[in-house]
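Chains as they are written, first to last, in the numbering used here: chain A, 1 to 308; chain B, 1001 to 1424; chain C, 2001 to 2273. What follows is a short report on a single structure.
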Amino acid sequence: MGALAFPAVFTLPFPRHVMIMIFLYGALATAWNIIAGYCGQIALGQAVFFGIGAYTSSLLYTRVGLTPWAGMIGGVILAVLVSQVVGYPVFRLRGHYFAIATIAVGEIVQALIINWDAIGGGRGVFLPIKRPDSFLNFQFHTSKAYYYYIALGLLLLALGITRWIEGSRRGYYFRAIREDQDAAAALGVNVAREKLRALAISAGLTAMGGSFWAQYLLFIDPESVFPLSLSILICLVAVLGGVGTLWGPLLGAAVLVPLQEGTRVMLGGTGKAIDLLIYGALIIVISVAQPGGLMGLFGVSRGAGSAR
Amino acid sequence: MHRFATSLLAVFLVFAIVAAAPSGAVAQSKEIVIGVLYPMTGPTAQAGVDNKPVIEIGTDIANGVTDLPFPFYQKLKGMPGLKGAKIRLVFADHQGKPELGQAEAERLITQEKVHAIVGCWHSGVTATASQVAERHGIPFLNPESSSPGLHRRGLKWFFRTSPHDEHFTQAMFDFFRDFEKKRGVKIKTAGLTYDGTLFGADSGKIMKELAKKSGVDVTLDLQYKLQSTSLQSEVQRLKAANPDVWMPTSYQTDAILFVRTAKELDYNAKMVMAQDAGHISPDFVQAVGRDAEGTMSRAPFNTDLIDKRPVAKALNALYTKKHGKELYDFPARSFTGYMTLLDAINRAGSTDPEQIRQALVATNIPGDQLIMTWDGIKFDENGQNTHVKAIIIQLQGGKFYTVWPWDSATRDVIYPIPAWKDRK
Amino acid sequence: MGFVYALIAAGLSLIFGLMEIVNFAHGEFLMVAMYVAFFAWALLKLDPLVSLPLAALLLGTLGFTVYHGIIRRVLDGPMLAQIFATFGLAVLLRSAAQFLFGVDFRTVSQPLLAGRVALGPVFIGVPQLAASVAALAAFVGLFLFLSRSETGLALQATAQDRHAAALMGIDTQRMFALGWAIGSACVGVAGGLLAMFFYIFPDVGTPFALLAYVTVALGGFGNVPATLAGGVLVGLVEAFGGLYLTPALKYSAVFALYLGVVLWRPQGLFGRF
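So this is what it looks like as structure tokens:
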């Protein structure tokens, strides 16, 4: 309820921007939580799906004139397809080999996009500014409230899907795979298929985030939507809050995003990197004091086992 | 643990409140607030860190604290158009990331209540930050980004004082033409190396187009990865192709590594024509200045012009005193853009965005008042300065000298660059 | 470059083998080592080659401190918390470097070694060659230490089964700290060598760290000698990929190699996990 009323209380764009970023990273981290927290597969290539979402909707809009909403669905479809093609072989790997393989895939995809001249290569894609605001064009210049509600919707969708998975038979399969993949297989869980499904859901949600990002910024390039740092940030947000819990990733975003923005706003202009100094130190303190994620503070026991 | 949890929540709350509350005082009527948005951390932080002092000098001039005894700057002293209103700067850091550029521009406009924004060095960040300014109807002055696409977006509030890559690259090919006339050496083949960023890819594209137009054959077209850990294979390819001119586009990191690798692998380029950026930064010169002997670059400004231009000399003295470094291209362009903005605000006689915008449109600064060698500053309908002029500079004995156009030149062109074995 | 990659990766591999922690601040350790070499050169007029022991010693101390200050406290936590802690350390070190040293790019000019030698049609810079030889020597030294000395064997025993090792009277805490010290010292040496021909700035470590992770995984986690093979392979693929493919895709070739190898052998080339 409070979230819905927020734009009415805070009318300035910057707090709204911070809230939008919390929702977006919350949604992305929640999506990652499905594959990593519940299914136990530490995937560090989420930026691939994010970038696919951003590029698909943007290119369909600039080249074909298709509304970004349809482009978003196109991005989801493409991301899911890619996730299955890539996931099929890579899911044979375990532990760190899997994690590094996902990094490798992410880096290869980014390099290919940079070198793909037909879609702009390193120059990226500029989205034309369309006035007046229109829901169809997915551009709102007079007020950020629209973006706010769309991001909130995305977050609620991600949380809703997670909630549904938690309670369904599929959720038990996922957790069984996380705890012991071999035992799960012995009990008749089709491990390969379940992992692919988890990744598909995660990829689709991440791609939606990418399309939203493209419409929010109106400029994308491979450095900003396909970077490894994004994949890692998504992971950090979720880990901070607590993986394998429904609310953990959102809590992580609610702490990390304002922390990042706050330190930068207060100390970022000095050129001395004091903001990042504090940020890094706080991350260490949190991980030492609360290794299970901040959800531990609320007495929620971690659902996640370690992915050893 | 509970105490820890409580304190953590308290920290979070403080941040939440600080982020939500409009920081800084509410703008007073007697104050002109200008947002300055540069990379202050991250791989390209040097640009922001070196530009900050020059912006502060410009502010001191307008606030009457510092004196730059030339008519154009005297006119701005104390901002008489606004009856002595004081300028307050708000610096913000975008770390070279487009999304932070957008967020910070938004914060500057809506919370710091800036009347105009200067920035952002990176073309990609300028792209997103200027869109925010456009949305809010706040003048955005870009002193240095060189991606040609930026002023073709139909923005009303975007102004760029610097030349862009098409101007610059055209100057290179003009130079080749003039060079042939003067020294009888025809440049027939070119080898291009550029990174995968917006800057690199744009530069590569334009160079290819202009080469085609000028009848220069591109025999090697290499895109490489930003911040490579090794450039050995790239240099070996150059060596094998051995073009008449090697035309690199690089940021500092790769520019330094390219030169070191070329030395190790004994690649002797006859002529090197670089696209500014990394190749002219002081770090590059300090790190590999001797080894990069003969490297040419396009530039809008060069330090040796300081002696030729009294304005530049005076500013350089101020800059060196404040920052301990010589004035070079980045701060020179930043200063020029910033003073253009102050001039417009002064003429507007108001901090009203629309009036500042109209004053910017009417800008007409004569060339002799600038530290640049430009013909002046005058914007076209897209906000691009049309009176720009690029120069070609060359590293000679560890320092850059202007070598073209011939009438501004302080040194002759060294050609061909001596081979590694002939140097000491 | 392959040997240098291997040496950077060796430290990572050692630490991982010992306690299954991936140090995400590894690239930043390398950066610190390069700054040590730079300041030794700039202030004490010591060539990076001469200051190698200094770099190794200081980095070893750093590793030791980090272990006791941070890692020991998250050792029993989940893997993700460990990643998180070392990531925070990476941000901290990087920004500390900017805070202390500024953002200027630094290089060691006029190193002791310069010039180049021709190996058939291929030229190799002397500093690179020296770096390769020194990296190889450091590697052999590390290997001998691990396989011959009593402490080295104790380290390996701890790596294989820390509880059994503890029962045998090995002080595992000491071993872990020692592992961090030695692993970091390896990076110290690599950083010193790299400083001979590479530029230095706060963000310099990141691309190397990424290659180091791939190198370790390629050879196989927990197998230090295999890391050498991984490093050489990465170096070769990088060089030839850049020569015969487009350079923009040379790292893609390295990553593709990794994917190819692990899909064929899911434990890397010689891995035991």
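Glycine included, every Cβ here is placed at the ideal spot set by N, Cα and C.
Asked                                                                                                                     : Found
Cβ neighbour criterion (16 or more within 10 Å) applied to Leu2291 (chain C)                                              : Limits of chain C in this structure are 2001 at one end and 2273 at the other, which puts residue 2291 (chain C) out of reach.
Leu1198 (chain B) beta carbon less than 8 Å from that of Gly1124 (chain B)                                                : yes
Sequence-distant residues of the same chain with beta carbon closer than 8 Å to Gly1078 (chain B), five excluded per side : Ala1062, Asn1063, Gly1064, Gly1084
Spatially closest choice to Val2004 (chain C) from C:Gly2235, C:Thr2151, C:Arg2094, by CA coordinates                     : C:Gly2235
Rounded straight-line distance, which links the Cα of Ala207 (chain A) to that of Thr56 (chain A)                         : 9 Å
6 Å Cβ shell around Trp1404 (chain B) - same chain, five flanking residues per side excluded                              : Phe1175, Ile1392
Rounded C-alpha distance that separates Gly2241 (chain C) from Val1235 (chain B)                                          : 13 Å
As assigned by DSSP and simplified to three states, the class of Leu294 (chain A)                                         : helix
Anticipated Cβ contact below 8 Å, Gly2063 (chain C) with Ala2181 (chain C), distance rounded                              : 5 Å
DSSP beta-bridge partners of Ala1116 (chain B)                                                                            : B:Ile1034
Separation of Ile1138 (chain B) from Leu2218 (chain C), as counted between CA atoms                                       : 53 Å
Classification of Gly1397 (chain B) by the beta-carbon crowding that lies within 10 angstroms, buried from 16 upward      : exposed
Separation of Leu1100 (chain B) from Ser143 (chain A), as counted between CA atoms                                        : 19 Å
Backbone CA spacing between Glu2028 (chain C) and Val2261 (chain C) [nearest angstrom]                                    : 28 Å
Coil, strand or helix - Phe126 (chain A) by DSSP                                                                          : strand
Identity of the residues DSSP links to Met1273 (chain B) by a beta bridge                                                 : B:Met1296
Neighbour flag for Glu223 (chain A) against chain E, beta carbons, 8 Å                                                    : Absent from the structure: chain E. Protein chains present are A, B and C.
Test item: CB-CB of Ala47 (chain A) and Leu217 (chain A) under 8 Å                                                        : no
Under 7 Å (Cβ pairs) to chain A, residues found in the stretch 1137 to 1164 of chain B                                    : Gly1149, Arg1153
Option in A:Leu152, A:Ala31, A:Arg94 with minimal Cα separation from Ala192 (chain A)                                     : A:Arg94
Proximal chain C residues relative to Glu107 (chain A), where beta-carbon distance stays under 8 Å                        : Leu2210, Tyr2251, Ser2252, Phe2255
Whole runs of the beta strand (DSSP E) within the stretch 2199 to 2253 of chain C, excluding any shorter than 3 residues  : none
Inter-residue Cα distance where the pair is Gly1367 (chain B) and Lys1052 (chain B)                                       : 24 Å
Boundaries of the beta strand (DSSP E) in which Asn1142 (chain B) is found, first to last residue                         : 1140 to 1142
Buried or exposed (CB count within 10 angstroms, at least 16 for buried), Ser1130 (chain B)                               : buried
Beta carbon proximity, Lys1421 (chain B) to chain A, threshold 8 Å                                                        : no
Neighbouring residues, chain C, relative to Ala43 (chain A) (Cβ below 7 Å)                                                : The contacting residues do not exist; Ala43 (chain A) stays about 12 Å from chain C at best.
Where the stretch 1044 to 1061 of chain B meets chain C: residues whose CB sits under 7 Å from a CB there                 : Ala1045, Gln1046, Val1049
Span of the alpha helix (DSSP H), counted from its first residue to its last, around Thr1189 (chain B)                    : Careful: Thr1189 (chain B) lies outside any alpha helix (DSSP H), inside the beta strand (DSSP E) at 1189 to 1195.
Asp1217 (chain B) - partner residues in DSSP beta bridges                                                                 : B:Thr1189
CB contact below 8 Å: Arg1183 (chain B) versus chain A                                                                    : no
Three CB pairs or more closer than 8 Å across the stretch 34 to 54 of chain A and the stretch 84 to 100 of chain A        : yes
For Ala1092 (chain B): DSSP bridge partner residues                                                                       : B:Leu1037
Chain C within 8 Å of Ala104 (chain A), Cβ atoms only                                                                     : yes
Chain-ordered neighbours of Glu1209 (chain B) on chain A, where CB pairs are closer than 8 Å                              : Correct list: empty, because the minimum Cβ distance to chain A is about 13 Å.
Residue-chain proximity (Val2187 (chain C), chain B), Cβ-Cβ < 8 Å                                                         : no
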